[in-house]
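A short worksheet on the structure shown next.
Numbering (UniProt numbering), first residue to last: 1 to 527.
Laid out in structure tokens, this is it:
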């Protein structure tokens, strides 16, 4: 609501200073409103009709540019038929120039063919290509690489092998930075890299310590946040010192952040982006990953073969991705839950009951229990949304006597950190569980990624939400034994095939269907 109000006032402000009046002012206002809707939907611009271009030409607020090297000073920019806010044009133009430079760069490194084959030993069906090995070959030819693939296609396995091969081919220490959008994603990336390093050929495994950093960090921490500023410590004038930056979950990165990252790279440095081009893009503007992949094939590698997920989930994902909502619904119909509220309440009663007797020493068991089931929603507010479902579950637990009424903190309460807290070492997306310590005092426990846990008094925490349900956006990169998707029962702008695709992949084996109506699901995945 606040965002919509801000967009409304911004549109009114620009219209008021546009120099247009009457019918032309109304049309101008509609164009700006359309631009804001496109920005909210992940696009950086809107394409205008001929008449709209002529109208914009009458305003003093827009500049027509001929190329990406121009830097206009007006708040609106026209590039061909595309209308941008000035700052998004600058971000996009700068990023385009930088990536084109990277794409045209040559970085030919030699590797022994026998070692390359030993690094990718997977058995292939007749005529099947080894896409992981193809990705490694591209990494040896260019300083910039995008590796895209759905969950379970071996992106992290592939990139571990790529890093080891690059270090071996370069012949000296390779300074590597590992980063991800959230603390949770960074933790998972490091665990995956560490596990993959153990499966390298001996010739590469013995050198892992020379390139593997001590930890992965959030992208904000990598660039160096500054108090009360949107600028970062590292930029073009003060670049990062790493030879190579690996960024996971790149589909979650918006245009502005990607531009700032590329700006801060060390001259001559390398960049590898990992992600899934079919997943939901960032909630901010700019579908960077998908755009880069479609425009720079030489620097892109697509992994196709799935190693981890079952055939049912793969079939749902394929139908959803193809926009075949009816087929996807047929596959999900047997998972449809008639009373979705009772189903959710029953699952969380089991979870809370399972952790009632645990203390902090049983934190590992508590997290394992929580990961058995999670509700994913398209929206935050409403009965069939994150806030409504969290409230519903907590009220049910109170009625069942599984939590007290004297405090909002109770054994088993799961929370999701919503803002980075660098002082505590907690990051957006981190999940904590409330459990008693050895003295019986309630504390909130978080996984560290190294098999240990850290704990804090609840009063030390800020910016968090209860998490019996989370948005699909927040779930990206997570894995649960079972997920249940609950969507609005009316048409909603958030409904799209990317939402469905992203939402069902966190379920490793089971997808409970709480979408409600066939037509709403098919609205999200139109033919």
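Heads up, the beta-carbon is just placed ideally off N, CA and C, and yes, glycines get one too.
- The residue among 107, 350, 215, 431 with its C-alpha nearest the C-alpha of residue 299 is 107.
- Cβ-Cβ distances below 7 Å link residue 196 to 156, 157, 160 in the same chain, with the five nearest sequence neighbours on each side left out; the list follows chain order.
- Rounded to whole angstroms, the separation of the alpha carbons of residue 355 and residue 212 is 36 Å.
- Annotation for residue 302: the continuous beta strand (DSSP E) segment containing it runs 300 to 303.
- For residue 199, there is no enclosing beta strand (DSSP E), since its DSSP letter is neither H nor E.
- For residue 445, DSSP records a beta bridge to 433, 455.
- By the 16-neighbour rule on beta-carbons within 10 angstroms, residue 50 is exposed.
- As the crow flies, the alpha-carbon of residue 72 is around 6 Å from that of residue 63.
- Counting other Cβ atoms within 10 Å of its Cβ, residue 209 stays below 16 and is therefore classed as exposed.
- Excluding sequence positions up to five before and after residue 141, its CB lies within less than 7 Å of the CB of 107, 108, all in the same chain and listed in chain order.
- Here residue 441 is exposed. Its C-beta has fewer than 16 other C-beta atoms within 10 Å.
- Rounded to whole angstroms, the separation of the alpha carbons of residue 433 and residue 369 is 11 Å.
- When 90, 487, 227, 105 are compared, the shortest CA-CA separation from residue 267 is found for 105.
- Comparing alpha-carbon positions, the option among 259, 430, 244 lying closest to residue 416 turns out to be 430.
- Residue range 414 to 417 is occupied by the beta strand (DSSP E) that includes residue 414, with no alpha helix (DSSP H) assigned at that position.
- With distances taken between CA atoms, residue 381 lies nearest to 486 out of 262, 486, 428.
- Closest in C-alpha terms to residue 223, from the list 86, 27, 261, 371, comes 261.
- In this structure, residue 264 and residue 235 form a Cβ contact; the two beta carbons are roughly 5 Å apart against a cut-off of 8 Å.
- Between residue 29 and residue 15, the CB-CB gap stays under 7 Å.
- Each residue's CA atom was taken as its position, placing residue 83 and residue 46 some 5 Å apart.
- When DSSP assignments are scanned along the stretch 61 to 139, the uninterrupted stretches of beta strand (DSSP E) that are 3 or more residues long and fall wholly within it turn out to be 62 to 65, 76 to 79, 82 to 85.
- Residue environment for residue 57: exposed (fewer than 16 other C-beta atoms within 10 angstroms of its C-beta).
- Under DSSP, residue 218 shares a beta bridge with 180.
- In the DSSP annotation of this structure, residue 165 is not part of any beta strand (DSSP E); the continuous alpha helix (DSSP H) holding it starts and ends at 155 to 170.
- Segment contact: the stretch 392 to 412 against the stretch 343 to 362, three or more CB-CB distances shorter than 8 Å; contact assigned.
- Residue pairing for residue 315: DSSP places it in no beta bridge.
- Taking the CA atoms as reference points, residue 100 sits about 46 Å from residue 460.
- Pairing residue 386 with residue 162, the inter-Cα distance amounts to about 39 Å.
- Per DSSP, residue 465 is one residue of the beta strand (DSSP E) stretching across 464 to 466.
- The straight-line gap separating the alpha-carbon atoms of residue 70 and residue 96 is approximately 13 Å.
- The C-beta separation of residue 136 from residue 116 comes to about 7 Å, placing the pair in contact by the 8 Å criterion.
- The continuous alpha helix (DSSP H) containing residue 57 extends over residues 50 to 58.
- The criterion of a C-beta distance shorter than 7 Å is not satisfied by residue 303 and residue 146.
- Secondary structure note for residue 147: its beta strand (DSSP E) is the uninterrupted segment 144 to 149.
- In the three-state reduction of the DSSP assignment, residue 152 falls in the coil class.
- For residue 232, the beta-bridge partners assigned by DSSP are 225.
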